[in-house]
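Peer 1:
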Amino acid sequence: MPVRRCRTTVSWAPMTHAPDHLTLADIARHLDITFEGDADQPIRGLATLKEATPDQVAFLANRAYLKDLATTQAAAVLLHPEHAKHCPVPRLEIENPYLGYAHLSQLFDPLPARDKPGIHSTAVVAPGVTLGKNVSIQAHAVVEEGVTLGDDVVVGAGSVIGADCIIGERTRLHANVTVCHGVVIGKRAILQSGCVIGGDGFGFAHDGEGWHKIAQLGGVVLGDDVEVGSCSSIDRGALGDTVIGDDVKIDSQVQIAHNVTIGAHSALAGCVGIAGSTKVGKHCMLGGGVGLSGHLTLCDGVQVTGMSLVTNSIHKPGVYSSGTGAMGNTQWRKNAVRFKQLDDIAKRLSRLEKNTGDT
Amino acid sequence: MPVRRCRTTVSWAPMTHAPDHLTLADIARHLDITFEGDADQPIRGLATLKEATPDQVAFLANRAYLKDLATTQAAAVLLHPEHAKHCPVPRLEIENPYLGYAHLSQLFDPLPARDKPGIHSTAVVAPGVTLGKNVSIQAHAVVEEGVTLGDDVVVGAGSVIGADCIIGERTRLHANVTVCHGVVIGKRAILQSGCVIGGDGFGFAHDGEGWHKIAQLGGVVLGDDVEVGSCSSIDRGALGDTVIGDDVKIDSQVQIAHNVTIGAHSALAGCVGIAGSTKVGKHCMLGGGVGLSGHLTLCDGVQVTGMSLVTNSIHKPGVYSSGTGAMGNTQWRKNAVRFKQLDDIAKRLSRLEKNTGDT
Amino acid sequence: MPVRRCRTTVSWAPMTHAPDHLTLADIARHLDITFEGDADQPIRGLATLKEATPDQVAFLANRAYLKDLATTQAAAVLLHPEHAKHCPVPRLEIENPYLGYAHLSQLFDPLPARDKPGIHSTAVVAPGVTLGKNVSIQAHAVVEEGVTLGDDVVVGAGSVIGADCIIGERTRLHANVTVCHGVVIGKRAILQSGCVIGGDGFGFAHDGEGWHKIAQLGGVVLGDDVEVGSCSSIDRGALGDTVIGDDVKIDSQVQIAHNVTIGAHSALAGCVGIAGSTKVGKHCMLGGGVGLSGHLTLCDGVQVTGMSLVTNSIHKPGVYSSGTGAMGNTQWRKNAVRFKQLDDIAKRLSRLEKNTGDT
Chain A
68 MPVRRCRTTV SWAPMTHAPD HLTLADIARH LDITFEGDAD QPIRGLATLK EATPDQVAFL
128 ANRAYLKDLA TTQAAAVLLH PEHAKHCPVP RLEIENPYLG YAHLSQLFDP LPARDKPGIH
188 STAVVAPGVT LGKNVSIQAH AVVEEGVTLG DDVVVGAGSV IGADCIIGER TRLHANVTVC
248 HGVVIGKRAI LQSGCVIGGD GFGFAHDGEG WHKIAQLGGV VLGDDVEVGS CSSIDRGALG
308 DTVIGDDVKI DSQVQIAHNV TIGAHSALAG CVGIAGSTKV GKHCMLGGGV GLSGHLTLCD
368 GVQVTGMSLV TNSIHKPGVY SSGTGAMGNT QWRKNAVRFK QLDDIAKRLS RLEKNTGDT
Chain B
68 MPVRRCRTTV SWAPMTHAPD HLTLADIARH LDITFEGDAD QPIRGLATLK EATPDQVAFL
128 ANRAYLKDLA TTQAAAVLLH PEHAKHCPVP RLEIENPYLG YAHLSQLFDP LPARDKPGIH
188 STAVVAPGVT LGKNVSIQAH AVVEEGVTLG DDVVVGAGSV IGADCIIGER TRLHANVTVC
248 HGVVIGKRAI LQSGCVIGGD GFGFAHDGEG WHKIAQLGGV VLGDDVEVGS CSSIDRGALG
308 DTVIGDDVKI DSQVQIAHNV TIGAHSALAG CVGIAGSTKV GKHCMLGGGV GLSGHLTLCD
368 GVQVTGMSLV TNSIHKPGVY SSGTGAMGNT QWRKNAVRFK QLDDIAKRLS RLEKNTGDT
Chain C
68 MPVRRCRTTV SWAPMTHAPD HLTLADIARH LDITFEGDAD QPIRGLATLK EATPDQVAFL
128 ANRAYLKDLA TTQAAAVLLH PEHAKHCPVP RLEIENPYLG YAHLSQLFDP LPARDKPGIH
188 STAVVAPGVT LGKNVSIQAH AVVEEGVTLG DDVVVGAGSV IGADCIIGER TRLHANVTVC
248 HGVVIGKRAI LQSGCVIGGD GFGFAHDGEG WHKIAQLGGV VLGDDVEVGS CSSIDRGALG
308 DTVIGDDVKI DSQVQIAHNV TIGAHSALAG CVGIAGSTKV GKHCMLGGGV GLSGHLTLCD
368 GVQVTGMSLV TNSIHKPGVY SSGTGAMGNT QWRKNAVRFK QLDDIAKRLS RLEKNTGDT
């Protein structure tokens, strides 16, 4: 069996059941814009300016790629009107080409066309569960008692939804997702494979010798349009709920502890960890690997750069950082040793300033 | 279908089959303490002093919340005798109120009441498996050959237990847990969804050109009362076992490499990573995102603060840290650049001290 | 039920169906080397020099363990010819003993002997799937339409393979693995439990108020001999593919974002996070918890030490680091505060040098 090791096209749409009869006119209609060119030109995918073939649409969303515009082979290019005059092929002019690309990308996603409404014969759905219209529950999925699923919800193969969960319309659980009991999820949420919503928070009382578990009696509430990446964890609250606002986007390998609150429209990159009861505002952005200590408050509009540690609340919007960038190991070793002397260095400098009268 | 987006009560017990006929007398009896008040007062949950309603019990475990005591609406308050005189409602006096809260919380956990002993019709249990009394094996779970499960073990939906595992009484695997072959787990352990116990350790020999896998022939041994958080990994040993002591508590998104040893009663917060063969003592506490290099020894009683990197063994109990806290990005950029000059700065300071006679 | 809490032997092979009738002659034949000693000596496992019993083979791959050679009880020792004269038991002389140990370890892995070719009655395999010879699809696994599995592929219990995937011969998915649609995996790959290959990359366009999902239309291509650790995530590309080269070894809890490329023979330790579109060269090694920003290029032969953050491309092979090592918390607090003054300290030093004429 020959295994294809590297693909020569950047769209794998032809492999799937995605629509392969879209035309340029369909594309323009989807974006609600006009264009000049061959309305019947078949469009079979999206690509970068450089890699697009004559049946693909490309986009120019970043000036850095302007150099690729003159030679693009794309069927048409999505671009801002200011770049129209440089475009050698049909133009799809739009104020925010990247947003246009996002909208178009949905047309080529093969998954929705594949969803088969209905309950797979191997799925286990408890009696009395409330199911909306066109719900799809795939092979070996488990839906426990008291659950309510809205219209068009998709429950991927092997996913488990615990008792009493409420899941809003058009939400999709990919394969092998776990939603524990009593979790509430809004509309149009997307849960990637392997994520766990509502595992127990990390709460124990110490008796002087060892630990006693505190049952985690709260739940998790996810707003509308939330996305959770693969293998991420959002723990249930100890008493109240862990609350993730509308349109919050969470990448893979993220840990959100009990009773954390994340404001609407915030985005958390991969490997972020947030300790218990911390409140993150709206429109915040946390870079990859950022850590937030517990019981903090970050106001709206805070950005934290990758792998920074935040141990104090932040009350002013802006960009925050910690740590140091990588350097050659030999140089680093010398500097890292000096870090341990830093307080001493500062004191010696102050003394020297004083002794030389330089203050 | 209306999706409830935010709960107004902090206990979701009414949604479940948890006991809803507990009385204040039941609560006191469970804690083995006396009280004055209406023994028949129904208690339907736990809450903070501020949020408790007249059918909930609150607790005062931290002086910071003393301000909420005077106005609490709780049915009764769990508190230390020294605060008794300030309490406007029935008191449940106890030396360690937080521990009392932990004990009470168990009463309101809806899960145990839901466990149905028996093997779900869709579970796959190999012939010859040894099962204790009241074992519950839920939908689509898989138990491979040679496994022994103690009394009252719960195997959640979709969980897989590999061949030859031994799991002690009252241990609970939540949904979609994976326990690989030959793993030994003690009594009353709790494995949150998505965790993997006994995946292969990361061992390869290099031949000068590439890697050759070293089969990981050891296992994993978890003590009694261990908890493992969602999506955490504990890898199997290369030759000997990876060993997690009694009462060790491990949060979500933690990685424990092959042949690591963790002493009893230690606690590891989220996103901790421990490299191969490192030994962590008893009663240690590792903050979120802490990293330990391989082949280290940490003695008993070591605490490491969040996101610190430990590259040398620690032989003295105490608190250890590394890294720097977050600051404004503009300020940080200036300082981070200077970090790369730190050795040079130190040398220049020494020279200056020498040249000015200030040593 | 007595739970065995700690094993006294370091090999658990006797618990399993692994071959227990190997002889010393079998061992030598497997390594293609000659030896002097009892060819019929039964060998039941591997162990360290110190712990080996008379039916186990030990190895000496590191001079640090030379001290254990004289007193070893092993049936035979795998070692470099230069140490032959110190060996009190039969010798298996080999140029690279650690590599020899790797080869031997495969003999004692109990898993292959257990694989039962065939499709478990509870597995769900879509019609029209292409299966090689001796494929094993275990309980509750799901294989969706259009998938091709090469000869001897093993799909563990509860694993899900999405539509149109192509998986090369002898590749093994352990239990509860998720491979999303359209992923291509080479030969002899090993996917540990809980890992997710092909979850959506983290791509959204902002309209000034909130986020719009960019459908992730690319796939993931894994080369031959790739290993992916438990609970690791490799996200699918936005347009093109995320590409993992041949013989790349990825530990547990790793996050690889969309459109990342990893060159052949590289190794990534636990908790590594790599942001989108970054290209890592061949023969690179990333220590535990390392973070790479997006859109970087690391040339071949780069090593990054544990928990370092790389925010710039690296064009020269070598070892790179960032951060600072742990120290006592009291000392650390003083130094960490000074880090925030570092730019000021450097400027004051320069001024002092100038004012004292020391430049």
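Protein chains in written order, with our numbering: chain A, 68 to 426; chain B, 68 to 426; chain C, 68 to 426.
We put the beta carbon where it would ideally sit given N, CA and C, even for glycine.
1. Using a Cβ cut-off of 7 Å (strictly closer), state whether A:I412 contacts chain B.
2. Run through the DSSP bridge pairs and tell me what C:E276 is partnered with.
3. Could you check whether the Cβ of B:F126 sits closer than 6 Å to any heavy atom belonging to the ligand ATP?
4. Can you tell me whether DSSP reads B:T83 as helix, strand or coil?
5. Step through the CB atoms of chain C and report whether any lies within less than 7 Å of the CB of A:L289.
6. Since C:D99 sits in a beta bridge, which residues does DSSP pair it with?
7. What residue range is occupied by the uninterrupted beta strand (DSSP E) comprising A:G385?
8. What residues in the segment 340 to 361 of chain A have a beta carbon less than 7 Å from any beta carbon of chain B?
9. Exposed or buried, which one is B:A80 when buried takes at least 16 other CB atoms within 10 Å?
10. At a Cβ cut of 7 Å, what residues of the segment 295 to 326 of chain B count as close to chain A, listed as they run along the chain?
11. In chain order, what residues of the same chain lie with their CB nearer than 7 Å to the CB of B:Q140, ignoring the 5 residues before and after it?
12. For A:S203, which option in A:V191, A:A190, A:V210 and A:I186 has the closest C-alpha, if you only look at C-alpha atoms?
13. Tell me whether the segment 162 to 181 of chain A and the segment 191 to 206 of chain C touch, counting them as touching only if at least three CB pairs, one residue from each stretch, are closer than 8 Å.
14. According to DSSP, which residues form a beta bridge with B:R158?
15. Mind checking which residues open and close the beta strand (DSSP E) that includes B:A413?
16. Can you tell me whether DSSP reads C:F175 as helix, strand or coil?
17. By the 10 Å Cβ neighbour count, where 16 or more other Cβ atoms means buried, how is C:R96 classified, buried or exposed?
18. CB-CB under 8 Å to C:G373, same chain, minus the five flanking residues each way: which ones, in chain order?
19. Can you list, in chain order, the residues of its chain whose CB lies under 6 Å from that of C:V321, leaving out five sequence neighbours each side?
20. Can you give me the Cβ contacts of C:A342 inside the same chain, cut-off strictly under 7 Å, excluding the 5 residues immediately before and after it?
21. Entirely within the segment 263 to 338 of chain A and at least 3 residues each: give me those beta strand (DSSP E) ranges in chain order.
22. So, does the segment 217 to 227 of chain B touch the segment 218 to 231 of chain C, judging by three or more C-beta pairs under 8 Å?
23. Taking Cβ to Cβ, would you say A:C351 is nearer than 7 Å to A:V327?
24. By alpha-carbon positions, which one of A:V315, A:S375 and A:L306 ends up nearest to A:S344?
25. Kindly say whether B:H150, judged by its beta-carbon, lies nearer than 7 Å to any beta-carbon of chain A.
26. Could you tell me the distance, in whole angstroms, from the CA atom of B:S63 to the CA atom of C:A206?
27. For A:P184, which of helix, strand or coil comes out of DSSP?
28. In the segment 362 to 393 of chain A, which residues sit with their C-beta less than 9 Å from some C-beta in chain B, listed in chain order?
29. Interface residues of chain A around B:A230 at Cβ under 8 Å?
30. Report the option in A:G392, A:S172, A:H248 and A:A180 whose CA atom is closest to the CA atom of B:P179.
31. Is the shortest distance between the beta-carbon of A:V196 and the beta-carbons of chain B less than 7 Å?
32. From the DSSP secondary-structure annotation, give me the bridge partner or partners of B:K346.
33. Near A:N396, what residues of its chain come up, given a Cβ to Cβ distance below 6 Å and the 5 sequence neighbours on each side ignored?
34. Which term fits B:K414, buried or exposed, when burial requires 16 or more other beta carbons within 10 angstroms of its beta carbon?
35. Would C:R303 and C:G275 qualify as a contact pair, given that the criterion is a beta-carbon distance under 7 Å?
36. Would you mind stating whether B:A282 and C:Q173 have Cβ atoms separated by less than 7 Å?
Peer 2: Working from what's here:
1. Reading the first sequence from its first residue, position 345 is the one you call residue 412 of chain A. A:I412 counts as touching chain B.
2. Residue 276 of chain C sits at position 209 when you count from the first residue of the third sequence. In the DSSP output, where bridge partners are listed per residue, C:E276 has none listed.
3. Absent from the structure shown: the ligand ATP. Ligands present: none.
4. By one-based count along the second sequence, residue 83 of chain B stands at place 16. With a pLDDT of only 39 at B:T83, under 50, the local geometry of the prediction cannot be trusted, and no value is derived from it.
5. Position 222 of the first sequence holds residue 289 of chain A. No, A:L289 does not count as interfacial toward chain C.
6. Residue numbering aside, residue 99 of chain C sits at position 32 when the third sequence is read from its first letter. Looking at the DSSP assignment, C:D99 forms no beta bridge with any residue, so it has no partner.
7. In the first sequence, counting from the first residue as 1, residue 385 of chain A sits at position 318. Residues G385 to S388.
8. Those residues of the segment 340 to 361 of chain A that come within reach of chain B (Cβ to Cβ, closer than 7 Å) are G340, A342, G358 and S360.
9. Taking the second sequence and counting its residues from 1, one reaches residue 80 of chain B at position 13. Per-residue confidence for B:A80 stands at a pLDDT of 35, beneath the threshold of 50, marking its modelled position as unreliable; no derived number is given.
10. Under the 7 Å Cβ criterion, the segment 295 to 326 of chain B contributes G296, S297, C298, D314, K316, D318, S319 and Q320.
11. One-based indexing of the second sequence puts residue 140 of chain B at position 73. Taken in chain order, the residues that qualify are A119, T120 and P121.
12. Looking up residue 203 of chain A in the first sequence gives position 136. Selection A:V191, A:A190, A:V210 and A:I186 evaluated against A:S203 yields A:I186 as nearest (Cα-Cα).
13. In short, these stretches do not touch, since the Cβ pair count stays below three.
14. As a first step, residue 158 of chain B is located in the second sequence; it is residue number 91 there, counting from the start. The partner list for B:R158 (beta bridge, DSSP) reads B:V144.
15. The count along the second sequence starts at 1 and reaches residue 413 of chain B at position 346. Membership of B:A413 in any beta strand (DSSP E) is not indicated; the residue belongs instead to the alpha helix (DSSP H) covering L409 to N422.
16. Numbered from 1 along the third sequence, position 108 holds the residue referred to as residue 175 of chain C. Looking at C:F175 - three-state DSSP - the assignment turns out to be coil, as it is neither helix nor strand.
17. One-based indexing of the third sequence puts residue 96 of chain C at position 29. Label assigned to C:R96: exposed.
18. Position 306 of the third sequence, counting from 1, holds the residue named residue 373 of chain C. If we look at C:G373 and ignore the five residues flanking it on each side, its Cβ neighbours are A336, G354, G355, G356 and V357.
19. Along the third sequence, read from residue 1 onward, the residue named residue 321 of chain C stands at position 254. Result list for C:V321: S299, L335 and V339, in chain order.
20. By 1-based counting over the third sequence, the position of residue 342 of chain C is 275. Excluding residues within five positions, the ones whose Cβ falls inside 7 Å are A324, L359, S360 and G361.
21. The qualifying runs are 263 to 266, 271 to 273, 278 to 280, 287 to 289, 300 to 302 and 309 to 311.
22. Judged by pairs of C-beta atoms under 8 Å, the segment 217 to 227 of chain B touches the segment 218 to 231 of chain C, as three or more such pairs exist.
23. Walking along the first sequence from the start, residue 351 of chain A turns up at place 284. Walking along the first sequence from the start, residue 327 of chain A turns up at place 260. No, these two residues do not count as a Cβ contact at 7 Å.
24. Within the first sequence, residue 344 of chain A is the residue found at index 277, counting from 1. The shortest C-alpha separation from A:S344 is found at A:L306.
25. The residue labelled residue 150 of chain B in the question sits at position 83 within the second sequence. No, because no Cβ of chain A sits closer than 7 Å to the Cβ of B:H150.
26. Given a span of 68 to 426 for chain B in the structure shown, any question on residue 63 of chain B remains unanswerable.
27. The residue given as residue 184 of chain A occupies position 117 in the first sequence. Here A:P184 sits in coil by DSSP.
28. Residues passing the 9 Å Cβ filter: Q370, V371, T372, M374, S375, L376, V377, T378, N379, I381, K383, G385, V386, Y387, S388, S389, G390, T391 and G392.
29. Start at 1 with the first residue of the second sequence, and residue 230 of chain B comes out as number 163. Chain order gives no chain A residues near B:A230, where near means a beta carbon separation below 8 Å; the closest approach is about 21 Å.
30. Counting from one through the second sequence, the residue named residue 179 of chain B turns up at place 112. The option with the nearest alpha carbon to B:P179 is A:H248.
31. For the purposes of this step, residue 196 of chain A is taken as the residue at position 129 of the first sequence. Cβ-Cβ to chain B under 7 Å: no for A:V196.
32. On the second sequence, position 279 is the one that residue 346 of chain B refers to. Beta-bridge pairing links B:K346 to B:T328 and B:T364.
33. Your numbering for residue 396 of chain A matches position 329 in the first sequence. None.
34. Numbered from 1 along the second sequence, position 347 holds the residue referred to as residue 414 of chain B. It counts as exposed.
35. As a first step, residue 303 of chain C must be located in the third sequence, where it is residue number 236. As a first step, residue 275 of chain C must be located in the third sequence, where it is residue number 208. Not in contact: C:R303 and C:G275 (Cβ atoms no closer than 7 Å).
36. Taking the first residue of the second sequence as position 1, residue 282 of chain B is located at position 215. Taking the first residue of the third sequence as position 1, residue 173 of chain C is located at position 106. Yes, they are a contact pair.
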